[in-house]
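Going by our numbering, the final residue of the sequence shown carries number 307, and the count climbs one at a time with no gaps. Quick reminder that beta carbons are idealized off the backbone N, C-alpha and C, glycines included.
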Amino acid sequence: MVDWLVQPVVIQDVHGYGYAFYSENRMFDLGYGWAHFVQILSCGCFIASSSFLSLNFIYRYISCCHKPYLRYFQGWGLLFIFLYCALPFIIWSLCVYFLFGPTTEKTEHLNITTMRMEGFDLTGKPYVGPMCRHFSTIPEHKAGDVNWPTMGAMLGLCGFQILFYSISLVCGLRTYQFNRKLFEMAQLSKNLYRVQMQLLRAIVIQAIVPLISVYVPPAFLIGGSMLGVYVGEIGYFAAMSISLYPPLDSLVFLLSIRDYRNALCCKKRNKVHWNSSTLTTTRNTATDLGSI
Numbered sequence: 016m017v018d019w020l021v022q023p024v025v026i027q028d029v030h031g032y033g034y035a036f037y038s039e040n041r042m043f044d045l046g047y048g049w050a051h052f053v054q055i056l057s058c059g060c061f062i063a064s065s066s067f068l069s070l071n072f073i074y075r076y077i078s079c080c081h082k083p084y085l086r087y088f089q090g091w092g093l094l095f096i097f098l099y100c101a102l103p104f105i106i107w108s109l110c111v112y113f114l115f116g117p118t119t120e121k122t123e124h125l126n127i128t129t130m131r132m133e134g135f136d137l138t139g140k141p142y143v144g145p146m147c148r149h150f151s152t153i154p155e156h157k158a159g160d161v162n163w164p165t166m167g168a169m170l171g172l173c174g175f176q177i178l179f180y181s182i183s184l185v186c187g188l189r190t191y192q193f194n195r196k197l198f199e200m201a202q203l204s205k206n207l208y209r210v211q212m213q214l215l216r217a218i219v220i221q222a223i224v225p226l227i228s229v230y231v232p233p234a235f236l237i238g239g240s241m242l243g244v245y246v247g248e249i250g251y252f253a254a255m256s257i258s259l260y261p262p263l264d265s266l267v268f269l270l271s272i273r274d275y276r277n278a279l280c281c282k283k284r285n286k287v288h289w290n291s292s293t294l295t296t297t298r299n300t301a302t303d304l305g306s307i
């Protein structure tokens, strides 16, 4: 919904100092204030999606390995779960609002890129423009010097992403090891083990899909801006992949579970047919055992 409202376009500055994230909504005009609000909301959802993804791994790990701790997912514990996703969203949204907002000088500089590539004039329009390096020379700094407030915010974003994916990796491995140990000790049936592994595999695939399609392209874009290197027009792919992620995420999960996959492909389970001789033999065997 947010991406549909934003209809994002991402273009890196030709000098490699930063990039512009703006809306190209040709269906209706939200106005300056609301358009800028949904842009900030989109940036906040970007980091919140990573925290929510790691929360899936945490819940799966606790439900399998430490069931008594499930009480923290009830009552007031839900408040901490909410804050786990809300705090990164709020922190990053505030950084975007205060550090990456439009300024007259920034608009003039980024217009060189947007007019050349898209024929789009940013003057008087809302956008998010993180500039990791200064683009003008004044007594305080030279063009190309590091813009430390913006650089610090970007490093914080990288730290959040590394933290959440590290949590997902650790919880995923511990869950796999625990289920494998139960299966080897014959404390977990084969069918239950198969279902557990399918669910775990589905969650892992759900983590890999956004990592490749959603986070890697912006990582190149952000990394290039932090290093002052122009990485080309990868911003187009970043905007496209974010729009494709919601349906792709659901489809990948459905195809990862065998029962869901069979239902989508209209496959039926093979039914076991028992003939009369088998039933007779079973009854006779049970009678003999009872007499013994």
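Quiz item: Looking only at DSSP bridge pairs, what is Pro23 linked to?
Solution: Ser38
Practice problem: Keeping to the same chain, check which residues put their C-beta closer than 7 Å to that of His51; ignore five residues upstream and five downstream. | Solution: Pro141
Quiz item: Is Ser181 near the ligand SAH, with its Cβ less than 7 Å from a heavy atom?
Solution: Looking at this structure, you won't find the ligand SAH or any other ligand, since it has none at all.
Self-check item: Extent of the continuous alpha helix (DSSP H) run through Thr138
Solution: Where Thr138 is concerned, there is no enclosing alpha helix (DSSP H), given that its DSSP letter is neither H nor E.
Quiz item: Can you check whether the CB of Gln27 is closer than 8 Å to the CB of Gly167?
Solution: no
Exercise. Please classify Arg209: is it buried, with 16 or more other beta-carbons within 10 angstroms of its beta-carbon, or exposed?
Key: exposed
Quiz item: Between Gly33, Asp264 and Val143, which lies nearest to Gly59 when the distance is taken from Cα to Cα?
Solution: Val143
Quiz item: What did DSSP end up calling Gly31 once you bin it into helix, strand or coil?
Solution: coil
Quiz item: What does DSSP give as the partner residues of Val161 in its beta bridges?
Solution: Arg148
Quiz item: Val229: buried (16+ other C-beta within 10 angstroms of its C-beta) or exposed?
Solution: buried
Quiz item: Quick one: is Val25 buried, meaning 16 or more other Cβ sit within 10 Å of its Cβ, or exposed?
Solution: buried
Exercise. Have a look at Asn71 and Pro154 and give me their C-alpha separation to the nearest angstrom.
Key: 50 Å
Self-check item: Bounding residues of the alpha helix (DSSP H) (the contiguous stretch that carries Gly134)
Solution: Careful: Gly134 lies outside any alpha helix (DSSP H) and carries neither H nor E.
Quiz prompt | Contacts around Val244, its chain only, beta-carbon distance under 7 Å, and the 5 residues preceding and following it disregarded | solution = Gly31
Practice problem: Run the CB neighbour count on Leu20, radius 10 Å, all protein chains shown included, and call it buried at 16 or more, exposed below. | Solution: buried
Exercise. Note down, in chain order, each residue of its chain lying with its Cβ closer than 8 Å to the Cβ of Leu215, except the 5 sequence neighbours on either side.
Key: Arg75, Gly187, Thr190, Tyr191 and Asn194
Practice problem: Using 10 angstroms around the beta-carbon of Thr165, count the other beta-carbons present and answer buried if the total reaches 16, otherwise exposed. | Solution: buried
Quiz item: Of the residues Ala101, Ala158, Ile106 and Met146, which one's Cα is nearest the Cα of Thr118?
Solution: Met146
Practice problem: Following the continuous alpha helix (DSSP H) through Val244, name the residue where it begins and the one where it ends. | Solution: Careful: Val244 lies outside any alpha helix (DSSP H) and carries neither H nor E.
Quiz item: Rounded to the nearest angstrom, how far is the Cβ of Asn126 from that of Arg148, given a contact under 8 Å?
Solution: Not confirmed; about 18 Å, so no contact.
Exercise. Name the residue from Leu170, Phe67, Leu137 and Met130 whose alpha carbon lies nearest to the alpha carbon of Leu242.
Key: Leu170
Quiz prompt | Sub-8 Å separation of Ser57 and Val29 beta-carbons | solution = no
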